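There are 2 protein chains.
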Amino acid sequence: MTSRILVKNLAAREDGPVTVSGWVETVRDQKKVQFVVLRDESGDVQLVHPRAAAPATEVVETSGDVPVGVSVTDDVAETISSLTLGSFVTVTGELKHDERVKLGGIEVKIDSLTVESYAHPELPIAADSALDKRLDYRFIDLRQKRNNLIFRIQTTLEHAWRTWWIDNGYIEVHTPTFMATPSESRAELFQLDYFDLGTAYLAQSPQHFKQMAQAAGLGKVFAITPVFRADPSFTSRHATEYTSVDAELSWIDSHDDVMAMQEQLLVAGLTAVEEKHGDEIREAFGIEVEVPAAPFPRIPLAEAHEIVEKRGYKVPREDGDLDPEGERQIAAYVKETYGHDFVFLTDYPLSIRPFYHMVDEQTGLTKSYDLIYNGVEITTGAQREHRLDVLEAQAVKKGLELEGLESYLDFFRYGIPPHGGFGMGLARVLMQLLGEQSIREVTYLFRGPTRLKP
Amino acid sequence: MTSRILVKNLAAREDGPVTVSGWVETVRDQKKVQFVVLRDESGDVQLVHPRAAAPATEVVETSGDVPVGVSVTDDVAETISSLTLGSFVTVTGELKHDERVKLGGIEVKIDSLTVESYAHPELPIAADSALDKRLDYRFIDLRQKRNNLIFRIQTTLEHAWRTWWIDNGYIEVHTPTFMATPSESRAELFQLDYFDLGTAYLAQSPQHFKQMAQAAGLGKVFAITPVFRADPSFTSRHATEYTSVDAELSWIDSHDDVMAMQEQLLVAGLTAVEEKHGDEIREAFGIEVEVPAAPFPRIPLAEAHEIVEKRGYKVPREDGDLDPEGERQIAAYVKETYGHDFVFLTDYPLSIRPFYHMVDEQTGLTKSYDLIYNGVEITTGAQREHRLDVLEAQAVKKGLELEGLESYLDFFRYGIPPHGGFGMGLARVLMQLLGEQSIREVTYLFRGPTRLKP
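Residue numbers (the working numbering), protein chains in the order written: chain A, 628 to 1081; chain B, 628 to 1081.
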C-alpha cells in the first residue's frame, strides 16, 4: 500500500515528512508560490510550493487524459501548473503547523508530486449544479464532503442495526430477487425471460421469503436487500430500485411486539450515528441528530384523521389512508405535543392493506402500522395472518386468485408460528435524518423511470 | 411477545414453570404416557404428558389444515394425539431435570398446550430426501438443525467481515442491480424492458459500481449484494443468483495489497465462526474449523501448472487456466507442503482475464489472483487498470466496442486513483468451510436454470 496519511490525521502529527494522496480541489498558481488544496475521503489540506525555492524534483506522470508531450519532468512547479481539477495525485512533503493557514492550521510543503491520473480539463458539474445533472456525474458529485459523509453515516447506521439484531438472536438471510409468481400487484413488477421456466419476476419486497423463514423455524430474521418497483413514480420519496431493510419474527402476540422491536432498533442506530458523526452532521447539514426516546407515540389511524382535521387539513383521499400532507400534519402534531420525531400510526383497515395482514377480531382493523419519521412514512409493519383458511379467505376477498399464490400459500400448509415484521426504506430514513429533500441525494446510485445511468 | 424460553436455555434453569414454543418433531402416543419432541431454532426438548394424571386443561386450536370438528377441547391427551409432525405449538409446563432423559437430561411436563398451526398430516420430505426434493420444500428442509446452523454461521461470518472492514475505514455501498449497458459478456446477462429507456441489464457483479467509488474518492468500499448470471450452468458451484462479497480500495501498489487485505478479512471471519460455532460445527458437520495463518501461500499460475503436472495431472484446458481438478491438485499440494487450506494463485495472462485488469510491465501478466479454499476457487481479485488510454487499448484488444463501455469509461475521464479489489462468492466460502458438496445446501433459496421456486 501507498503509505499515505489520511488528511484528517495530519493535524495530530508533529511537523515532519508526510505522504498524502487525493484529488485536486483548487489550484492557485501564483508567480512566487503555488497553492493546491488536496482532498481525500477524510478532509482537505493545503499544499504549498514556493517557486523560487523549488529544487529539481522527480515528477512522474502515470496517466493522462490531457495531451502530454513529455512523460517525466523535473519541475514540480510545471506539473502543478498543469494540474486539472479532479486529478488524483500523491504528494510527499513537509508537514508544518501554522496558525495562519485557514484550512485547519496546517500545510504541506511539496517535495515531490506524482500525478496518478489527470482529470479532463473541464469538470462537468459543480457542487451547486442541478440535482439531475449532478446525478449524471455521480462519481464526481460524491467527492463533495457532505456526500461522502452520507455514506459513512449509512454504513454506521446499518452496522448498528445489524449488530443490534445479531445481539438479539436474529439471523441475516439473503432473500432471492427472482420469483416464479408475482407477489402483490402485477402492475408494479418487472419481469423477464427465465431459461425454460417462462417468466420470472423481480421481488418488490422480501416479504414472502422472510415469512418463509418463520415456517422454516428460523425464529427471528432480518434482510437488507435491493427491491424493485416497476410503477412510474416520480416523487422525491420513490425509486425504481431501492434498499429495503426488513425484519420478521415469530411468536409475537400482535404488531405491538414488532413496534417494540423496531423502536429499539432505531434507538440503537441513531445512537451510533450521533456518537460517531454528530459533530460532522452538525457542521455539514446544520442538523442536531436526535436520538428518540422509546416508546414512540402510537396513534390509531382513525384518531390521526381527527387530529389532522382539527388542525384544519382535510385529507383528500377517499380510501381512508393519509396522504403525504396528512403525514406531515400528524408529525407536526406529535412534535408539538410530545416533542417526538417519530409516530406509529396503527390499526389500518384491511381495505388499504395487503391481504396477508392479520385482522383484529375485536376492532375489525388490521394489526398493522406505519411509522412516520419527521413527517414521512419510512415503514409499514404488521402481524401476518398465519392461519391458512383465514389467509385464503382474505385473498379471495381482495379479488386475488389463489392459484397465483400457491407458492406463497405452501409456506402455511406444514405449520407456521404466529409472526410479523416490517419493511423500512433505507434511503427514506437517511433523507429524514439529514433533512434532505429527496432520496436521490442519499442513494449511492439512484434508479428511476428516467434514470438508469451511470 | 410470547414469554417463551429458548430450548437451549432450559438446561441452565432450575426446575419450575416454563413456556416453550416450537414445532413437533416426533410424537410417541403411548397408552399411559405421551411424549412429544419439540424443536425451536435453538434445540430439541422432550415434553411428557402422563395420561392418567392429566387434569382437564384448556387447549385452544387457533388454526388448522386438518379438518377439526371442535375448536376447543379440554383434553391435553386428545390434542397430543391429534398433533401432526411439523405443527407449531406453545406449551406451558413444569421443567424437570432428570439424568435418565437422553435428550439433554431435561423434560417438560405439559400443563397446557396451544396449537398455533397444524401441519398437513404428510410432510413431503425427510432429512434424507434427495437434495432437489428438499429444495422444493426448503421451508421444511431448513428446520433441520444443521441447516439452521448454516445460516447462523453465515450471519456470524458476514458480520465479522463487515466489522473488520468498518474498523478499517471501509464504507458499505449498495451498488445497483439495473445497468444501462452490459458489463462484461452479453451472453451471461439477464435483460428486461425498462420504462422508455429501452433495455436494462441485471448486474453480474458490482464491479463497475465499486470502481466508480474509487473515482468518487470514497477510498475503501465493500458491497455484499445479489448478482445475476444468465448462463445455463448446472455445476455444484454455480447459481443463477448469488450473493457476492466485494471490496475495492484505492492507493494500492499492486494486487499484493488486495491479497493482504483479503487474508486479514478471512482470518477475522473464520476466527469469529470458530469462537461462536466451533463446537456446534464439530457436532453437526464433523469438521474442525481451521483459522488460517496469514500470509497465505502465493503461487504464480505458471508455477502452479508445473506443480500440478509433476503430481501427474495434465490440465486439459487450452487457455492456460486451471480446471476444477487442477485447483484441487494445487490445493492438495499446498495442504501437504504448507498445511494451509488457502492458496493465492497469481499472475494470470490477460487472455483469460477481463480487459480491465492491470498488466504488469515487467512480466506482461495481469496483477491479479484467484483464491482457492480447500480446492475450490472462491475469489478473483486484481489491481485494475486506471489509465484510460491503456484501459481502452486493452478493451479494443479484447474485441470489445468502446461505444458500449462509455458509461464505465466515463469513470476514468475525470481522475481516478490506482485501485483494486476482489469479488468472493459467499456460498462457496460456506460450502468449503463446512465441507458441503453443493452451494445449494448453503444458499437460503437457491436459484438455477431449472429452479425458480419456492
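Glycine residues also receive a C-beta, built at the ideal position from the N, C-alpha and C atoms. None of the values given here were measured: they were computed from a predicted structure.
Simplified DSSP state of residue i, which is helix, strand or coil
i	result
A/MET1051	strand
A/TRP791	helix
B/GLY939	coil
A/HIS865	coil
A/ASP884	helix
A/VAL1069	helix
A/ILE957	helix
B/ASP667	strand
B/ILE934	helix
B/THR646	strand
B/SER877	strand
B/TYR828	strand
A/ALA639	coil
A/PRO927	strand
Pairwise C-alpha distance: residue j and residue i
i	j	result
B/VAL935	B/LYS1025	29 Å
B/ILE1012	B/VAL1003	According to the sequence shown, residue 1012 of chain B is Glu rather than Ile. One C-alpha to the other measures close to 27 Å.
A/PRO1045	B/PRO853	29 Å
B/SER708	B/LYS635	26 Å
A/GLN1010	B/ASP768	24 Å
B/ARG1048	A/MET628	According to the sequence as given, residue 1048 of chain B is Gly; it is not Arg. Looking at the two C-alpha atoms, the distance is approximately 13 Å.
B/GLU799	B/ALA787	14 Å
B/HIS984	B/GLU901	35 Å
A/ARG921	A/PHE969	Note that residue 921 of chain A is Ala in the sequence shown here, rather than Arg. Distance between the alpha carbons of A/ALA921 and A/PHE969: 10 Å.
B/ALA911	B/ARG773	6 Å
B/SER1065	A/PRO644	53 Å
B/TYR745	B/PRO833	44 Å
A/HIS967	A/ARG909	19 Å
B/LEU876	B/VAL885	8 Å
A/GLU726	A/VAL916	31 Å
B/VAL1056	B/GLY1062	10 Å
B/MET1058	B/ARG864	9 Å
Under 9 Å between C-beta atoms of residue i and residue j
i	j	result
B/VAL735	B/VAL660	no
B/VAL651	B/VAL703	no
B/ASP997	B/PHE971	yes
A/GLY947	A/ILE979	yes
A/ASP820	A/LEU722	no
A/ILE926	A/THR973	yes
A/THR1102	A/PRO924	Outside the modelled stretch of chain A, which goes from 628 to 1081, sits residue 1102 of chain A, for which no answer is possible.
B/SER871	B/GLY1050	yes
A/ASN1001	A/ALA931	no
A/PHE855	A/TRP792	no
A/LEU897	A/LEU784	yes
A/THR790	A/ALA895	yes
A/LEU824	A/ARG1078	no
B/THR782	B/VAL742	no
A/LEU712	A/LEU750	yes
B/HIS882	B/SER995	yes
Close-in-space but distant-in-sequence residues of the same chain around residue i (CB under 6 Å, 5 per side omitted)
i	result
A/THR1070	ALA1054
B/VAL675	PHE662, GLU734, LYS736
A/GLY806	With the sequence shown as reference, residue 806 of chain A is identified as Met, and Gly is not the correct amino acid for it. Closer than 6 Å at the Cβ level, and outside the excluded window around A/MET806, lie TYR828, ALA830.
A/ALA857	GLU815, LEU816, PHE817
B/GLY670	VAL634, LYS635
A/LEU977	VAL986, THR993
Nonlocal neighbours in the same chain, by C-beta distance under 8 Å from residue i, ignoring five residues either side
i	result
B/LEU1032	THR808, ALA1022
B/TYR1103	The structure shown does not extend to residue 1103 of chain B, since chain B is modelled only from 628 to 1081, so the question has no answer here.
Endpoints, the beta strand (DSSP E) within which residue i is located
i	result
B/ARG761	Unbroken run through B/ARG761 is the alpha helix (DSSP H), 758–763; no beta strand (DSSP E).
B/GLN1021	No beta strand (DSSP E) contains B/GLN1021, which is instead part of the alpha helix (DSSP H) from 1015–1024.
A/VAL740	First, the amino acid is wrong: residue 740 of chain A is Leu here, not Val. It spans 733–744 - the beta strand (DSSP E) in which A/LEU740 sits, taken as one unbroken run.
Extent of the continuous alpha helix (DSSP H) run through residue i
i	result
A/PHE836	834–842
A/SER1034	1033–1036
B/THR1077	Segment: none, B/THR1077 is in no alpha helix (DSSP H) and carries neither H nor E.
Contacts around residue i, its chain only, beta-carbon distance under 7 Å, and the 5 residues preceding and following it disregarded
i	result
B/ASN775	GLU668, LEU769
A/LYS760	ILE752
B/ASP754	Looking at the sequence itself, residue 754 of chain B is Ala, so the reference to Asp does not match. Within the same chain, B/ALA754 has close Cβ partners GLN771.
B/PHE1038	GLN838, MET839, ALA842
A/GLY1052	TYR869, SER871, ILE1005
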